Structures are given as C-alpha cells and as structure tokens.
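Participant: There's a structure below that I have some questions on.
There are 2 protein chains.
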Amino acid sequence: IVQTAKLGRSYRDGSNTIEALCDVDLTVRSGEFVSLAGPSGSGKSTLLNCIGGLDQPSSGSVSVGGVNLGDLNSSDLADLRLSRIGFVFQAFNLIPVLSALENVEFIMQLQGIHAEERHTRAEAMLEALGIGELATRRPGELSGGQQQRVAVARAIVSRPLLLLADEPSANLDSAATADLLNLLQQINTEQGMTIITATHDPAVMAFSRRRIQLKDGKIVSDTQAGDQ
Amino acid sequence: IVQTAKLGRSYRDGSNTIEALCDVDLTVRSGEFVSLAGPSGSGKSTLLNCIGGLDQPSSGSVSVGGVNLGDLNSSDLADLRLSRIGFVFQAFNLIPVLSALENVEFIMQLQGIHAEERHTRAEAMLEALGIGELATRRPGELSGGQQQRVAVARAIVSRPLLLLADEPSANLDSAATADLLNLLQQINTEQGMTIITATHDPAVMAFSRRRIQLKDGKIVSDTQAGDQ
Ligand SMILES: Nc1ncnc2c1ncn2[C@@H]1O[C@H](COP(=O)(O)OP(=O)(O)OP(=O)(O)O)[C@@H](O)[C@H]1O
Ligand SMILES: Nc1ncnc2c1ncn2[C@@H]1O[C@H](COP(=O)(O)OP(=O)(O)OP(=O)(O)O)[C@@H](O)[C@H]1O
Ligand SMILES: [Mg+2]
Ligand SMILES: [Mg+2]
Chain A
1 IVQTAKLGRS YRDGSNTIEA LCDVDLTVRS GEFVSLAGPS GSGKSTLLNC IGGLDQPSSG
61 SVSVGGVNLG DLNSSDLADL RLSRIGFVFQ AFNLIPVLSA LENVEFIMQL QGIHAEERHT
121 RAEAMLEALG IGELATRRPG ELSGGQQQRV AVARAIVSRP LLLLADEPSA NLDSAATADL
181 LNLLQQINTE QGMTIITATH DPAVMAFSRR RIQLKDGKIV SDTQAGDQ
Chain B
1001 IVQTAKLGRS YRDGSNTIEA LCDVDLTVRS GEFVSLAGPS GSGKSTLLNC IGGLDQPSSG
1061 SVSVGGVNLG DLNSSDLADL RLSRIGFVFQ AFNLIPVLSA LENVEFIMQL QGIHAEERHT
1121 RAEAMLEALG IGELATRRPG ELSGGQQQRV AVARAIVSRP LLLLADEPSA NLDSAATADL
1181 LNLLQQINTE QGMTIITATH DPAVMAFSRR RIQLKDGKIV SDTQAGDQ
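Protein chains in written order, with the working numbering: chain A, 1 to 228; chain B, 1001 to 1228.
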C-alpha cells in the first residue's frame, strides 16, 4: 500500500523553479494494478521515483507499507527497497558486465538467497518472459526489447510487495507486451503484488484496473476500469 | 538511396552462431519513407546499424548513395556518416555533459558550420519538437520522452540525405508522436530526406508509405501503403 500526501518535487534550473510534481495526494491499496498516464514530461517517472524512495520529495510525504520514507535513514531506506520494492527503470539500468541471468540474480544475492535457488528462479523468470535462451548474454549483446525484459525479470523475481514499472513495454512489440502483461496479471492475482506502472501504451492501460492521469505534475483524473 | 545485397550479420555466442540478419536484399529509393516492423529481436536495429555504417556485415554488402560501404576506410566512412546520414539511436546516446542545445549543435560543429547558424538551427529544431524551453538542460535533467526528442533533433538538424530512426516514438505519448511524425513528413516532403525507421508503433507505421516486415533476421513482407 502506498500513500502520498501533498507530494511535491521541484528542481532549480538557473533562476527558474520547475515543479515536476505538485500537491500529489495518492492512495494505492495492496493488490491494486494502477497505470499512471500522461504526456511526456508530466511527472510520471518523478512520481515513481518518489514512491520507490529513489528520489526525495521537496515537500509533502510518501509512505510505503505504513512507513514514512522521510523518516528513514539511507541505510534503512535501502533495506526497504531491497525487501519490498521492485523497480523497472525507463532506461533499464542493467549492469553491463553481468550476464542477463546474473543481472536477474543480483537482487536475490543481496537478499541472501542461496545460489541454487537464485539460479532456478532467475532462469524461470527469463523463460516466462520469452528470453530464456539469452541467459548468458550481456546487455550489450541484446536487442532493446530483450534488455527491457531482463529489466522486468530483475524487478519481479525478488517477489516484491510493490512493483514500480516505468514504461515497461516501450521497446516491446504487441506480442511481447501481451506476454508481459499476462505475467504481471498472474503475479498480481496469485501473489497479490501491487503494481504501479507509468506508461503511454494503451495495451498496458487496458490491463490495469485504475488509471491516474497526470498533467504538468498534478493528478487530473483517477478512474476505475468500468467507470466512464 | 540505399541498397543491400544478400546482407548478413551473425554473432558467435560461445559455440552458437546467431544470425541477426540473413540474406537481406533491400532497395530504398531517394525520398521514400519506410518502416521496418517486426518482433523484438527480429533484426531491426541490426539492419539500421548496417545501413548506417555503424556495424559491419558478416556477409553481403550495403551501398548508400551508390557508395559500397565495404569499400571505405574508417575515416571515409565517418565522413560519409557525418555528411549524409542522421541516426536516432534506440538508447538515444546523448552526451551527458552537454546541454540539449549543445547535443543538437554538436554534429553541425563537426561539419564546420558557424556558431551563429548552429545556434539558430538547433534552437528552431528543439522548438519544432516542443522542447525549445529545455535547451540549457543536460540529458540527466530531462524526462525519457524529452531525451528522445533531443536525439531526434540532433539527427535531423544536420539535414542528412538519409535519416535512420530506431524506435523514435518509444518513449513518447500520442500527442508528441503526432508532432514528431508531422515534422518528419514535412522534411521528407520539403527536403526529400529519405527516412527508414524501425518501429513497433502503429502510428509510425501508418505515416510511412512502405512497410518492410522482419522476422528472425529475414524480410518476410514488403508492402506499399494502399496495397492490401
Ligand atoms: N553482440 C551480440 N551477440 C549475440 N547476439 C546479438 C548481439 N547483438 C544483437 N544480437 C541478437 O541479434 C538479434 C537482433 O537484434 P536487434 O537488436 O537487431 O533486434 P531488434 O529487431 O532491434 O529488436 P528490438 O525490437 O527488441 O529492439 C537479437 O536476437 C539479438 O539478441
Ligand atoms: N534534474 C532536473 N532538473 C530540472 N527539471 C527536471 C529534472 N529532472 C526532471 N525534470 C523535469 O521534470 C518534469 C517531469 O519529468 P518526468 O521524468 O517525471 O516526466 P515523465 O512523465 O516521466 O515523462 P516521459 O513520459 O517523457 O518519460 C519534466 O518536465 C522534466 O524536464
Ligand atoms: Mg518518464
Ligand atoms: Mg532494436
């Protein structure tokens, strides 16, 4: 469960102040599957980064699982991210010197999971995303959409309570997108993983059950599937 | 005009050979606007990289403007790219320490164009892509879709004969995509710039007048708009 209160994030650009987020009040309940939609530059990535503790708000607060992120020191924040949050970055952020499999195992290693279990789970996750045969390749030896799927695998294999996925289908064709969404739906249903995804992709929006529209750093609408 | 003959590109992956491209015969005439479509991993980026001289084929040949790229030494190849080809990379590849404006001016500087003209043209191009006010920001201070548009601006501002655009709309919402396509259409019509774009985006495919479908490194169909 995620809760933000009057969340703001601004930047100084010379003498200007850019309000990337302004006065965002958001509550996401456990098990929800939510899309953040909105034009380029509207604040989707910034909001995900604040929710995931990767960025500090300029004003207001964020709580994840009842814990106010602003109360945590950086080491406790890192622990919380490690144990509870999976993040798919808009630019993937894979480790270039590790193989696809090692990239996916990496977080489980930090979580103290044994080598054999890590290996089994990582392989299964790559398989589920249609890239099982690419386990030994390094990111530079993969296509854009293959790298994207390694980034997704890495984020979900650690079974986080909360998945934050920034444009997870941007480099995927419709077939790979459908497979990805089916997998996310399955984990959402079976494990109760809460999913918040920033996206431009109508296919992703259609799968989520709630759509939050951003414009110029503000929430302008918040609709449930089935509503108008 | 682009011509490939029996173009092949393979990689060694341990004891396996991966055929990223196989036996590709392609002719694109001056002024055409072509989409390369196909699933993730089907060879779109590899084909663009071979056409643009960024990657060397394993077999077969590529000619651009009548010049066989395989005949050129690396310095002449670099000159040809600089003077004739614009490239939008799937991962943008912006220079992190330069501003958006400087990134766009960069190629014109290598082409020996004077500072004042560079500045004017770069500003106008950012403006045309809806990011004029972001001129002084560095890539790390921009959203994904804003970085994408800087990458497009950089590729087209040097008025290349041939634009190779790898997934130019992947991180753009529909409004920004429509603006981008209108701009590309305009340059295609007014300047006769040939455009070859790799894409998953139906909006981009709809704008191009010819669609080449790739699957497992091979061309499986080649249709003109207006055909079935
Ligand atoms: N260095 C490499 N070593 C081995 N295989 C490679 C290497 N680089 C690319 N490949 C493989 O070549 C194939 C074609 O890759 P390419 O990047 O051209 O695909 P693509 O059509 O652009 O895919 P996407 O839509 O995901 O961007 C892929 O299967 C990819 O894994
Ligand atoms: N370091 C920074 N300095 C100044 N402005 C910034 C900085 N980082 C981000 N911004 C601005 O904050 C705004 C929101 O950015 P954000 O990345 O959240 O947008 P987005 O909705 O994810 O866009 P996209 O769909 O293009 O990925 C943008 O206008 C961006 O230019
Ligand atoms: Mg973003
Ligand atoms: Mg590609």
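By construction, the Cβ of each residue, glycine as well, lies at the ideal position given by its N, Cα and C atoms. All values reported here derive from a predicted model rather than from experimental measurement.
Can you find the residues in the same chain that come closer than 7 Å, C-beta to C-beta, to glutamine 224 of chain A, ignoring five residues on each side of it along the sequence?
Facilitator: Locating residue 224 of chain A in the first sequence gives position 224, where the first residue counts as 1. Counting only Cβ-Cβ distances below 7 Å, and skipping sequence neighbours, we find Arg209 and Arg210.
Participant: Helix, strand or coil for arginine 1081 of chain B? Go by DSSP, reduced to three states.
Facilitator: Counted from its first residue, the second sequence places residue 1081 of chain B at position 81. Three-state result, arginine 1081 of chain B: helix.
Participant: How about alanine 198 of chain A: is its Cβ closer than 7 Å to a heavy atom in ligand 6?
Facilitator: Among the ligands present in this structure, namely ligand 1, ligand 2, ligand 3 and ligand 4, ligand 6 is not found.
Participant: Going by Cα to Cα distance, which pick from B:Glu1032, B:Gln1111, B:Val1097 and B:Thr1120 is closest to threonine 1189 of chain B?
Facilitator: Numbered from 1 along the second sequence, position 189 holds the residue referred to as residue 1189 of chain B. Measuring from the Cα of threonine 1189 of chain B, the nearest candidate turns out to be B:Glu1032.
Participant: Where do the ends of the beta strand (DSSP E) carrying threonine 136 of chain A lie?
Facilitator: Numbered from its first residue, the first sequence carries residue 136 of chain A at position 136. From DSSP, threonine 136 of chain A is part of no beta strand (DSSP E); its letter is neither H nor E.
Participant: Contact criterion: CB-CB distance below 8 Å. Does histidine 119 of chain A meet it with respect to chain B?
Facilitator: Numbered from its first residue, the first sequence carries residue 119 of chain A at position 119. Taking Cβ atoms only, chain B never reaches closer than 8 Å to histidine 119 of chain A, which makes this a no.
Participant: Look at the alpha carbon of glycine 1053 of chain B and the alpha carbon of glutamate 1133 of chain B, and state the distance between them as a whole number of angstroms.
Facilitator: As a position in the second sequence, residue 1053 of chain B is number 53, starting the count at 1. As a position in the second sequence, residue 1133 of chain B is number 133, starting the count at 1. Between glycine 1053 of chain B and glutamate 1133 of chain B, the C-alpha separation is close to 33 Å.
Participant: Return yes when the C-beta of glutamine 1213 of chain B is under 7 Å from any heavy atom of ligand 1, and no when it is not.
Facilitator: The residue given as residue 1213 of chain B occupies position 213 in the second sequence. Checking every heavy atom of ligand 1 against the Cβ of glutamine 1213 of chain B, none is found closer than 7 Å.
Participant: Please classify valine 97 of chain A as buried or exposed, where buried requires at least 16 neighbouring CB atoms within 10 angstroms.
Facilitator: Position 97 of the first sequence holds residue 97 of chain A. Valine 97 of chain A should be labelled exposed.
Participant: Is the beta carbon of leucine 1172 of chain B sitting closer than 8 Å to the one on serine 40 of chain A?
Facilitator: If you number the second sequence from 1, residue 1172 of chain B lands on position 172. If you number the first sequence from 1, residue 40 of chain A lands on position 40. The answer is yes: Cβ separation under 8 Å.
Participant: What residue range is occupied by the uninterrupted alpha helix (DSSP H) comprising glutamate 127 of chain A?
Facilitator: Counted from its first residue, the first sequence places residue 127 of chain A at position 127. Per DSSP, glutamate 127 of chain A belongs to the alpha helix (DSSP H) from 115-128.
Participant: Would you say aspartate 1055 of chain B lies against chain A (beta-carbon separation less than 8 Å)?
Facilitator: In the second sequence, the residue the question calls residue 1055 of chain B occupies position 55. It does not: the Cβ of aspartate 1055 of chain B has no partner Cβ on chain A nearer than 8 Å.
Participant: Rounded to whole angstroms, how far is the Cβ of glutamate 1167 of chain B from the Cβ of alanine 1198 of chain B, which I believe are closer than 8 Å?
Facilitator: The residue you call residue 1167 of chain B lines up with position 167 of the second sequence. The residue you call residue 1198 of chain B lines up with position 198 of the second sequence. With a Cβ gap of about 6 Å, glutamate 1167 of chain B and alanine 1198 of chain B count as contacting.
Participant: Can you give, in chain order, each stretch of the beta strand (DSSP E) that sits fully within the stretch 1164-1208 of chain B and has at least 3 residues?
Facilitator: Listed in chain order, they are 1194-1198.
Participant: Apart from the five residues on each side of it in sequence, which residues of its chain come closer than 7 Å, Cβ to Cβ, to valine 1104 of chain B?
Facilitator: As a first step, residue 1104 of chain B is located in the second sequence; it is residue number 104 there, counting from the start. So the qualifying residues of the chain are Ala1122, Met1125, Leu1126, Val1150, Ala1153, Arg1154 and Val1157.
Participant: Relative to ligand 2, is the shortest distance from any of its heavy atoms to the C-beta of lysine 44 of chain A smaller than 7 Å?
Facilitator: For this step, residue 44 of chain A is matched to residue 44 along the first sequence. Under cutoff, so the answer is yes.
Participant: Let me make sure I understand the geometry here. Which of A:Gln185, A:Arg29 and A:Gly38 has the alpha-carbon closest to that of glycine 217 of chain A?
Facilitator: Mapped onto the first sequence, residue 217 of chain A falls at position 217. For glycine 217 of chain A, the nearest C-alpha among the options comes from A:Gly38.
Participant: Applying a beta-carbon distance threshold of less than 9 Å, which residues of chain B neighbour glycine 66 of chain A?
Facilitator: Indexing the first sequence from 1 puts residue 66 of chain A at position 66. Within chain B, no residue comes near glycine 66 of chain A; the closest Cβ sits about 30 Å away, beyond 9 Å.
Participant: Compare the C-beta of proline 96 of chain A against all C-beta atoms of chain B and say whether one is closer than 8 Å.
Facilitator: Numbered from its first residue, the first sequence carries residue 96 of chain A at position 96. No, no contact with chain B.
Participant: DSSP state of glutamine 1090 of chain B, grouped into three classes?
Facilitator: Mapped onto the second sequence, residue 1090 of chain B falls at position 90. DSSP places glutamine 1090 of chain B in coil when its eight states are reduced to three.
Participant: Starting from the C-beta of leucine 161 of chain A, find all residues in its chain whose C-beta is less than 6 Å away, skip the five residues before and the five after it, and write them out in chain order.
Facilitator: Start at 1 with the first residue of the first sequence, and residue 161 of chain A comes out as number 161. Cβ neighbours of leucine 161 of chain A beyond the five flanking positions: Arg84.
Participant: Under 8 Å, Cβ to Cβ, is there at least one residue of chain B near glutamate 167 of chain A?
Facilitator: Against the first sequence, residue 167 of chain A aligns to sequence position 167. It does: the Cβ of glutamate 167 of chain A has a partner Cβ on chain B nearer than 8 Å.
Participant: With respect to the beta strand (DSSP E) encompassing asparagine 16 of chain A, which residues constitute its N-terminal and C-terminal limits?
Facilitator: Along the first sequence, one-based indexing puts residue 16 of chain A at 16. It spans 16-28 - the beta strand (DSSP E) in which asparagine 16 of chain A sits, taken as one unbroken run.
Participant: If you measure between the beta carbons of glutamine 109 of chain A and isoleucine 131 of chain A, is that distance less than 8 Å?
Facilitator: In the first sequence, counting from the first residue as 1, residue 109 of chain A sits at position 109. In the first sequence, counting from the first residue as 1, residue 131 of chain A sits at position 131. Cβ atoms of glutamine 109 of chain A and isoleucine 131 of chain A: not closer than 8 Å.
Participant: With contact counted as at least three CB pairs below 8 Å, one residue from each stretch, are the stretch 1087-1096 of chain B and the stretch 1138-1145 of chain B in contact?
Facilitator: As far as the Cβ criterion goes, the stretch 1087-1096 of chain B touches the stretch 1138-1145 of chain B, which means the pair count is three or higher.
Participant: Anyone know if the C-beta pair for valine 28 of chain A and valine 2 of chain A falls short of 8 Å?
Facilitator: Against the first sequence, residue 28 of chain A aligns to sequence position 28. Against the first sequence, residue 2 of chain A aligns to sequence position 2. Yes, these two residues count as a Cβ contact at 8 Å.
Participant: Which one of B:Val1064, B:Leu1021 and B:Ala1206 has the shortest CA to CA distance from lysine 1044 of chain B?
Facilitator: For the purposes of this step, residue 1044 of chain B is taken as residue 44 along the second sequence, with counting starting at 1. Nearest option by C-alpha distance: B:Leu1021.
Participant: Is there at least one Cβ from chain A nearer than 8 Å to alanine 1115 of chain B's Cβ?
Facilitator: What you label residue 1115 of chain B is simply residue 115 of the second sequence in a count that begins at 1. Judged by the 8 Å Cβ criterion, alanine 1115 of chain B is not in contact with chain A.
Participant: Quick one, which residues of the stretch 176-192 of chain A are near chain B if we go by CB-CB under 7 Å, in chain order?
Facilitator: From the stretch 176-192 of chain A, only Ala176 have a Cβ closer than 7 Å to chain B.
Participant: Counting only runs of 4+ residues fully inside the stretch 29-73 of chain A, write out the alpha helix (DSSP H) ranges in chain order.
Facilitator: Whole alpha helix (DSSP H) segments, 4+ residues: 44-51.
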